[in-house]
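> Dropping the structure in here first, questions after.
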Amino acid sequence: MKLKATSQRLTNPFDGKFYIKELDNFCVFILGPTDFEESVIEKVKSKKDYSDLFAYISGVFEEEKTNRGMESLGILCFRGNVLYFYLFGKAKLSLNRGGKLWIFNESGSGIIKESDTLTLGNPGFDFINFSINRIPTLDLRPFVLRLPKFLPKGRTGASFVERTNPRKRKIVKYLSIFIGALFLISIFLGFRKIEDDKRKAIYKPKIEQAARDFSDAKALASVDPEKARELAFKAKGSVLGLQTEGIKDPELEKLSTDISQNIGSISHVFEGEPSLYLDLTLISDGFETSDVSQSEGHMAVLNSKQHKIVTIDLQSKKTQTFAIPLVVNPIFLSSYSDHDFVMGNDGIWDIAENSSKILDESYSTSDFFTAYTGNVYILKKNDGVIYRYQGVGGGKFSVRDNWFGVGVKPDLTNARRFVIDGNIWILSDNGDLEEFSGGVQSSFSLGKVDGDFNPIDIYTDIDSSSLYLLDSKSPRVLVFDKKGQFIAEYHFGGKSFKRIIADEANRKIYLFDNQKIYYLDAKHLN
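Heads up, the sequence shown is in our numbering, so the first residue is 733 and it goes up one at a time.
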């Protein structure tokens, strides 16, 4: 390091000497007696920690103060662009930066700039009125500097600035910028870590609680399915809430993956878009589904407007199309075995290559019908009855009788759909499901489900172990056993459907919109 020193009105400079020593990586400036400077220099060279040097110099000053009455001792040490200054007694240090003056009377450290001017002096030196620009300069050498003879006697002071060549100046400039940037980055990262730690302190317990809930759900899955389902959904809700807040944490991601992979087997709630099974418009242009039915692996779809039925073999997916006589105004469809029956205003028809009328009676759109074990059942909403026509062979049926027992007349005005599996299940417009067995109503109720529930269609048959309900509120299929206990739930996004059929033999759930048939894998049967 090359230095300039300046002085003004210097007399009695502690035995008339101002000492400057240049070392390999720092400089030492001493204003005071010169008989201890070499020991100070050796101490500076041997000490890596300037806090130790402070303790040593402090001890030296106290000893000199006691033995020789030393009043002031000032030492400056440079390491790179960092200044360490040690001020004892009445010694002071001033910093002139950009025309602004700061005066220090206690030891400290800081980063200096190329344009800074530092002044080290005793208390008699006039820091305030002294103009740095008028200080004469002298080149310093690494030896004891004796004061110039032309200076008048007075109080003591010395100042110095760093002088580098242009190339070194640029290096120092860029290095200072780099170090400053690193310093700012470290401050930013430090504050960020503090904020992250605060945030973690809030959300970590939530992750841990969600993990415990899901672990308990796994343990209870076979013991208490309802409680397991509750805990699984609680854990899922907590995870989704944290993710919505923008929390990104490895433990949260791991738990989210675990829930996604296992919540179905624990809660029997499955999510996924249904797959396309058949596009009916490819069979008949403009096809529009009016009613559907299924029996023993044989599915049929009614298109009332086009007077058509499309039949599908669920094993082979083979399709056939049958025309409905134009004299028939088709309303509803029901299949039994390999026969497809259509209710019209003038009666019930067996639709085949040679269609024939099997019941010659008048019906309205408020009437429903279904075929079961060779019998035909007609539900009349306005009359509150279900008539049964028993098959007697040869396509003939007996005189109708009221399936309900004596004195049993339920309110069927809101009936929406009915199915038979030996018992009769009636679904109402308001979502109520009633079971009738042996002509009387059973004490049946559905178990608790999450959210609003408004089923618009039901399916079961004698071969099905469960009840399948199509919910319109939040598009899903709910599965219950025939005692009303929840079994499974299938969510499939925002797509809406109008009808449902289940084929447990092939583990499929079929969903119908106006023109296409979709299916879900019945995972609860696995």
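Each residue gets a CB set at the ideal place from its N, CA and C atoms; glycine is no exception.
(1) Might you give, ordered along the chain, the residues of its own chain that have their beta carbon closer than 6 Å to the beta carbon of Y1119, omitting 5 neighbours on each side?
(2) Whole angstroms are fine: how far does the CA of N799 sit from the CA of L735?
(3) Expressed to the nearest angstrom, what Euclidean distance is found between the alpha-carbon atoms of K1113 and N1146?
(4) Rounded to the nearest angstrom, what separates S1027 and D1072 at their Cα positions?
(5) Closer than 7 Å by C-beta to L1046: which residues in its own chain qualify, once you throw out the five before and the five after it? Chain order, please.
(6) According to DSSP, is F946 helix, strand or coil?
(7) Which class does Q941 belong to by DSSP, given the choice of helix, strand or coil?
(8) In chain order, what residues of the same chain have a beta carbon less than 8 Å from the beta carbon of D1213, not counting five sequence neighbours either side?
(9) The beta strand (DSSP E) that contains V1001, what's its start and end?
(10) Output the distance between the C-alpha atoms of D1189 and A1254, rounded to the nearest integer angstrom.
(11) Can you tell me the Cα-Cα spacing of F892 and G842, whole angstroms?
(12) Measuring only the C-alpha atoms, how far is P1260 from M1075?
(13) Report the CB separation of L1264 from L974 in whole angstroms; it is logged as a contact under 8 Å.
(14) Could you give the DSSP three-state label for T1192: helix, strand or coil?
(15) Can you give the Cα-Cα distance for G996 and I919, rounded to whole angstroms?
(16) Any idea which residues DSSP pairs M802 with across the strands?
(17) Going by DSSP, what residue range makes up the beta strand (DSSP E) through A1234?
(18) In the DSSP assignment, find the beta strand (DSSP E) that holds P1062 and state where it starts and stops.
(19) If I follow the unbroken alpha helix (DSSP H) through L958, where does it start and stop?
(20) Can you tell me whether E796 is buried or exposed? The criterion is at least 16 other CB atoms within 10 Å of its CB, across all chains shown.
(21) Span of the beta strand (DSSP E) holding N1107?
(22) Answer with buried or exposed for W834, where buried requires no fewer than 16 other C-beta atoms within 10 angstroms of its C-beta.
(23) Using 8 Å as the threshold, is the C-beta distance between L825 and L852 below it?
(24) Is the beta carbon of G1216 sitting closer than 8 Å to the one on G1179?
(25) Assess, as a yes-or-no matter, whether the stretch 1007 to 1015 is touched by the stretch 952 to 969 under the definition of 3 or more beta carbon pairs within less than 8 Å.
(26) Using the three-state DSSP reduction, which class does V792 fall into: helix, strand or coil?
(27) At 4 residues or longer, and completely inside the stretch 1009 to 1058: list those alpha helix (DSSP H) runs for me, N to C.
(28) Would you mind reading off the limits of the beta strand (DSSP E) that contains R829?
(29) Quick one: what does DSSP say Y1250 is sitting in, helix, strand or coil?
(30) Can you find the residues in the same chain that come closer than 7 Å, C-beta to C-beta, to Y1009, ignoring five residues on each side of it along the sequence?
(31) Apply the 10 Å Cβ neighbour rule to Y906 and answer buried if 16 or more other Cβ atoms are within range, or exposed otherwise.
(32) Quick test of your reading: S1025 and S1067, contact by CB under 8 Å. State the CB separation rounded to the nearest angstrom.
The relevant details are as follows:
(1) One-based indexing of the sequence shown puts residue 1119 at position 387. Answer for Y1119: I1110 and R1132, listed in chain order.
(2) To locate residue 735, count along the sequence shown from 1; it is residue 3. To locate residue 799, count along the sequence shown from 1; it is residue 67. Low local confidence applies: a pLDDT of 35 at L735 is under 50, so the model's placement there is unreliable, with the coordinate-based value given in what follows. Roughly 33 Å between the two C-alpha positions.
(3) Position 381 of the sequence shown holds residue 1113. Position 414 of the sequence shown holds residue 1146. K1113 and N1146: Cα-Cα distance of roughly 7 Å.
(4) Sequence index remark: in the sequence shown, residue 1027 carries index 295 (1-based). Sequence index remark: in the sequence shown, residue 1072 carries index 340 (1-based). In a straight line, the C-alpha of S1027 is about 9 Å away from that of D1072.
(5) Taking the sequence shown and counting its residues from 1, one reaches residue 1046 at position 314. Excluding residues within five positions, the ones whose Cβ falls inside 7 Å are G1029, M1031, D1235 and N1238.
(6) As a working note, residue 946 is residue 214 in the sequence shown. F946 falls in the helix class under three-state DSSP.
(7) Translated into positions along the sequence shown, residue 941 becomes position 209. Three-state DSSP puts Q941 in a helix.
(8) To locate residue 1213, count along the sequence shown from 1; it is residue 481. Cβ within range, chain order: S1197, S1198, L1199 and I1219.
(9) Taking the sequence shown and counting its residues from 1, one reaches residue 1001 at position 269. V1001 -> beta strand (DSSP E) spans V1001 to E1003.
(10) In the sequence shown, the residue the question calls residue 1189 occupies position 457. In the sequence shown, the residue the question calls residue 1254 occupies position 522. Computed Cα separation, rounded: 17 Å.
(11) Locating residue 892 in the sequence shown gives position 160, where the first residue counts as 1. Locating residue 842 in the sequence shown gives position 110, where the first residue counts as 1. Annotation note: pLDDT 44 at F892 (below 50); position unreliable, coordinate value reported separately. Those two C-alpha atoms are separated by around 16 Å.
(12) Since the displayed the chain opens at 733 and closes at 1258, residue 1260 lies outside it and no answer follows.
(13) Because the chain spans 733 through 1258 in this model, residue 1264 falls outside it and cannot be assessed.
(14) Locating residue 1192 in the sequence shown gives position 460, where the first residue counts as 1. Coil.
(15) Taking the first residue of the sequence shown as position 1, residue 996 is located at position 264. Taking the first residue of the sequence shown as position 1, residue 919 is located at position 187. Distance between the alpha carbons of G996 and I919: 47 Å.
(16) As a first step, residue 802 is located in the sequence shown; it is residue number 70 there, counting from the start. Answer by DSSP bridge pairing: none, since M802 is not bridged.
(17) Locating residue 1234 in the sequence shown gives position 502, where the first residue counts as 1. Here the beta strand (DSSP E) through A1234 covers R1231 to D1235.
(18) Here residue 1062 is taken as the residue at index 330 of the sequence shown, counted from 1. From DSSP, the beta strand (DSSP E) with P1062 extends over P1062 to Y1068.
(19) Taking the first residue of the sequence shown as position 1, residue 958 is located at position 226. As written in the sequence, residue 958 is Glu, which differs from the Leu given in the question. Here the alpha helix (DSSP H) through E958 covers P957 to T976.
(20) Taking the sequence shown and counting its residues from 1, one reaches residue 796 at position 64. E796 comes out buried.
(21) One-based indexing of the sequence shown puts residue 1107 at position 375. N1107 -> beta strand (DSSP E) spans N1107 to K1112.
(22) Mapped onto the sequence shown, residue 834 falls at position 102. It is exposed - the Cβ of W834 has fewer than 16 other Cβ atoms within 10 Å.
(23) Translated into positions along the sequence shown, residue 825 becomes position 93. Translated into positions along the sequence shown, residue 852 becomes position 120. Contact flag set, yes.
(24) As a first step, residue 1216 must be located in the sequence shown, where it is residue number 484. As a first step, residue 1179 must be located in the sequence shown, where it is residue number 447. Taking 8 Å as the Cβ cut-off, G1216 and G1179 qualify as a contacting pair.
(25) no
(26) As a position in the sequence shown, residue 792 is number 60, starting the count at 1. DSSP places V792 in helix when its eight states are reduced to three.
(27) none
(28) Residue mapping note: residue 829 aligns to position 97 of the sequence shown, counting from 1. Note, R829: beta strand (DSSP E), K824 to R829.
(29) The sequence position of residue 1250 within the sequence shown is 518, counting from 1. Looking at Y1250 - three-state DSSP - the assignment turns out to be strand.
(30) Translated into the one-based positions of the sequence shown, residue 1009 becomes position 277. Answer for Y1009: Y1242, I1249, Y1250 and Y1251, listed in chain order.
(31) The residue you call residue 906 lines up with position 174 of the sequence shown. When all chains shown are included, Y906 counts as exposed.
(32) What you label residue 1025 is simply residue 293 of the sequence shown in a count that begins at 1. What you label residue 1067 is simply residue 335 of the sequence shown in a count that begins at 1. The pair is a contact, with the Cβ atoms about 4 Å apart (cut-off 8 Å).
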